[in-house]
Amino acid sequence: MKKIMIDAVTRIEGHARVSIRLDDEGQVAGTQLHVTQVRGFEKFTEGRPYYEMPSITARICGICPVSHLLASSKACDAIMSVRIPETAALLREVLHCGQFVQSHALSFFHLSSPDLLLGFDSDPARRNVLGVLEKFPDIARDGIALRKFGQEVISGLAKERIHPSWTVPGGVNAPLQPAVREKILAGLPDAKAIVRRTLKFFKGVLDQFKEEIENFGNAPSMYAGLVDPAGKLQLYDGGIRFKDAEGKTVADHIPAHSYQNFIGEAALGDSYLKAPYFKPIGFPDGVYRVGPLGRLNVARSCGTPLADAEFAEYHQRLGKIVPSSFQFHYARLIEALYGLERMEALLNDPAALGTKVRAHAGVNSLEGVGMIEAPRGILIHHYKVNEEGAITWANLIVATGHNNLAINRSIEQVARHYVDGKHLKEGMLNRVSAVVRAYDPCFSCSTHASGQIALRIQLLGPEGTVLDELRSE
Amino acid sequence: MKKSEVRTLIVGYGNPLRSDDGFGWHASRLLADALAGQDVEVITCHQLTPELAERLSQCALAVFLDADCQGAPGEIHTRELLPEAAPPQAFTHTCTPPGLLASAEQLYGRRPRAFAITVTAQTFDIGETLSPAVAATMPKAVEQTIQLVALAHAKAPKVKRSQRSL
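Protein sequence lines correspond, in order, to chains A and B. Quick note, the numbering used here runs 793 ahead of the 1-based positions in the first sequence. Quick note, the numbering used here runs 18 ahead of the 1-based positions in the second sequence.
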């Protein structure tokens, strides 16, 4: 038995490696994703005042701090038992749309476009964003401009692009300035044009990737995402909808506070990443996918005109349920368009310039759950506090965690299809990395459990034989 | 959101929670006050990102402020920067000033004259304050940056403004 290690998987956020076990014939016998870092926010936030949680948990991530800020703020709203002012909810959602746009731009243009534009088998030394810059400067400029626009939306509202403190328990800490509103609205036509150009480009190259589409994690799974009462895509609010692999809704409009009835959490060996599963089915068969692919599979529509036209074409081309994880890219672009349109609608609402933006209260509930859609999928912050408001327990279910089981299955499928241990080529392993990238995982966001993850230490001999093993259960 | 062209761009970067790594961060904030009202834009950030390439293409002079680890703590180093391709793995998470200059030229057809002003750090340990050596150097580093900007403004013609942002 031989083992191939892809260490580290590149062009992702955070650190992970993949092990591929080969049999004596050089064929793939098994694979595993190892998430090798631990962040531990669930544990070390214990004892902190609940109102510090948005600022503390925003530090979990430099890419999607806004998602943690919002989920945490919503959990704190629940502890305070307040309904935040209409303007505050609206502005939080605008901020969230800016986050989606910048994060999706980063994933598509900076991390994944090198595979799509330069080819999975191209020279690895040039298969990166610099290679894209050289050969496709127009697309590189579009990527930079779109991400910058999303970041400027965040900094316009919240003053800082990364780790802003504008969102607070009870709302936001300052109203929107009219000049900022006008500036964002003025930038929207160019941003929308970029996404539409990119969608046109992507649809034009889809036929080049038939083999990847068929083999990039299209094994049956369930899907999950937030929807509004009418079943439309929701990023800031809404309840969870689960659909099975055939598209049948199996659980619907699950509110934040009921998530534990439907989502269980398991630990996998050799990884710090928790593995959530659909509780009514159990572990490990209750595998589901979240994020752009999951959201567009569970939603009835997006709810904005341009995104809805793309949504209709997407399902017309690929089916009612889109199973291939390769199509995360396509779905991501549609969501970027939705984010821009939704932002426009919200900013054109007269309530956007309202001045009542924060509700004040103390501890009125000893438990609170905040749930939103982060760019990578459903994000849940669940806190318990004592009478003084100090955190006594925290549970974070991060988007990438929901996809853990699905990513592992996708890796195995891609490896079994492409990897030939006797004629190994770099492009084969790049496809294994690429299927991980399709999920746009943020591993640095997602490893917070303490005492639940089994750690295994192996002592290997020169031939790879296991000489000794230590396992913490 | 299009921005106007600016004569000078100052970029101070680093992690203010890592003691002297926050040198660029703190220096740029002082410079934003000192140069207020002048044709200068000051950007303070944790790390350099690809989006800065466009802004660099819209200015005549760029000054990067950062901590370094060469020399004795508190030593100031000023050097002119030339474009240079950054290592691929650096680009998505951490860009280099020469890499950004190369990107500005390649993508937008223009790059500024650029300088790095760096100060040798004494410590990168967790902490929100600068070490005594770096803190003592701060006024001199700020003054050198102001002089560099003044000299460039005296020599170079003003950049034509193409568009004003709100």
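Glycine included, every Cβ here is placed at the ideal spot set by N, Cα and C.
Suppose contacts are defined by Cβ-Cβ distances below 8 Å. Is residue i in contact with residue j by that definition?
{"i": "G89/B", "j": "A151/B", "result": "no"}
{"i": "G1170/A", "j": "H1195/A", "result": "yes"}
{"i": "S905/A", "j": "R1230/A", "result": "yes"}
{"i": "P115/B", "j": "A134/B", "result": "yes"}
{"i": "F1071/A", "j": "F1035/A", "result": "yes"}
{"i": "P968/A", "j": "V1150/A", "result": "yes"}
{"i": "L1133/A", "j": "V894/A", "result": "yes"}
{"i": "Y843/A", "j": "Y1176/A", "result": "yes"}
{"i": "T163/B", "j": "L100/B", "result": "no"}
{"i": "A1144/A", "j": "E879/A", "result": "yes"}
{"i": "A1044/A", "j": "P1013/A", "result": "no"}
{"i": "I937/A", "j": "G1161/A", "result": "no"}
{"i": "V29/B", "j": "I61/B", "result": "yes"}
{"i": "A881/A", "j": "G1163/A", "result": "no"}
{"i": "V1115/A", "j": "L1146/A", "result": "no"}
{"i": "G1010/A", "j": "A1199/A", "result": "yes"}
Is residue i close to chain B, meaning its C-beta is less than 8 Å from at least one C-beta of that chain?
{"i": "Q1109/A", "result": "no"}
{"i": "I932/A", "result": "no"}
{"i": "Q892/A", "result": "no"}
{"i": "Q970/A", "result": "no"}
{"i": "L999/A", "result": "no"}
{"i": "I1267/A", "result": "Nothing can be reported for residue 1267/A, as the shown portion of chain A is limited to 794 through 1266."}
{"i": "Q944/A", "result": "yes"}
{"i": "L923/A", "result": "yes"}
{"i": "V887/A", "result": "no"}
{"i": "Q1245/A", "result": "Note on Q1245/A: pLDDT 47, under 50, position unreliable in the model; the coordinate value appears next. No, its Cβ sits nowhere closer than 8 Å to a Cβ of chain B."}
{"i": "S1265/A", "result": "Residue confidence for S1265/A is low, a pLDDT of 44 falling below 50, so the modelled location carries little weight; the figure read from the coordinates is stated next. S1265/A does not count as touching chain B."}
At least one CB of chain A closer than 8 Å to the CB of residue i: is that the case?
{"i": "P68/B", "result": "yes"}
{"i": "G32/B", "result": "no"}
{"i": "A71/B", "result": "yes"}
{"i": "A103/B", "result": "yes"}
{"i": "L125/B", "result": "yes"}
{"i": "T147/B", "result": "no"}
Taking C-beta pairs closer than 7 Å, name the residues in chain A that residue i reaches, listed in chain order.
{"i": "H64/B", "result": "I955"}
{"i": "S121/B", "result": "L926"}
Run down chain B in chain order and give the residues with a C-beta less than 7 Å from the C-beta of residue i.
{"i": "R940/A", "result": "E69"}
List the residues of chain B that residue i touches, going by C-beta distances under 8 Å, in chain order.
{"i": "A937/A", "result": "Ala is not the amino acid found at residue 937/A; the sequence shown has Ile there. Simply P68, E69, A71, E72 and L125."}
Counting only Cβ pairs nearer than 9 Å, list the residues of chain B close to residue i.
{"i": "L950/A", "result": "Those do not exist, as L950/A stays about 13 Å from chain B at its closest Cβ, beyond 9 Å."}
Would a check of beta-carbon distances place residue i closer than 8 Å to chain E?
{"i": "K941/A", "result": "No chain E is part of this structure, whose protein chains are labelled A and B."}
Self-check item: Segment contact, 8 Å Cβ cut-off, at least three pairs: the segment 946-963 of chain A with the segment 847-855 of chain A
Solution: yes
Quiz item: Okay, do the segment 881-892 of chain A and the segment 1120-1139 of chain A touch, 3+ Cβ pairs below 8 Å being the bar?
Solution: yes
Quiz item: Do the segment 73-80 of chain B and the segment 30-48 of chain B make contact, defined as three or more Cβ pairs closer than 8 Å?
Solution: no
Quiz item: Does the segment 1042-1058 of chain A come close enough to the segment 988-996 of chain A that 3 or more CB-CB pairs lie under 8 Å?
Solution: no
Quiz item: Is the segment 1111-1121 of chain A in contact with the segment 1043-1050 of chain A, if contact means three or more CB pairs nearer than 8 Å?
Solution: no
Practice problem: Give a yes or no on contact between the segment 911-919 of chain A and the segment 857-870 of chain A, applying the rule of three or more CB pairs nearer than 8 Å. | Solution: no
Quiz item: Is the number of C-beta pairs between the segment 1081-1099 of chain A and the segment 1023-1031 of chain A that are closer than 8 Å three or more?
Solution: yes
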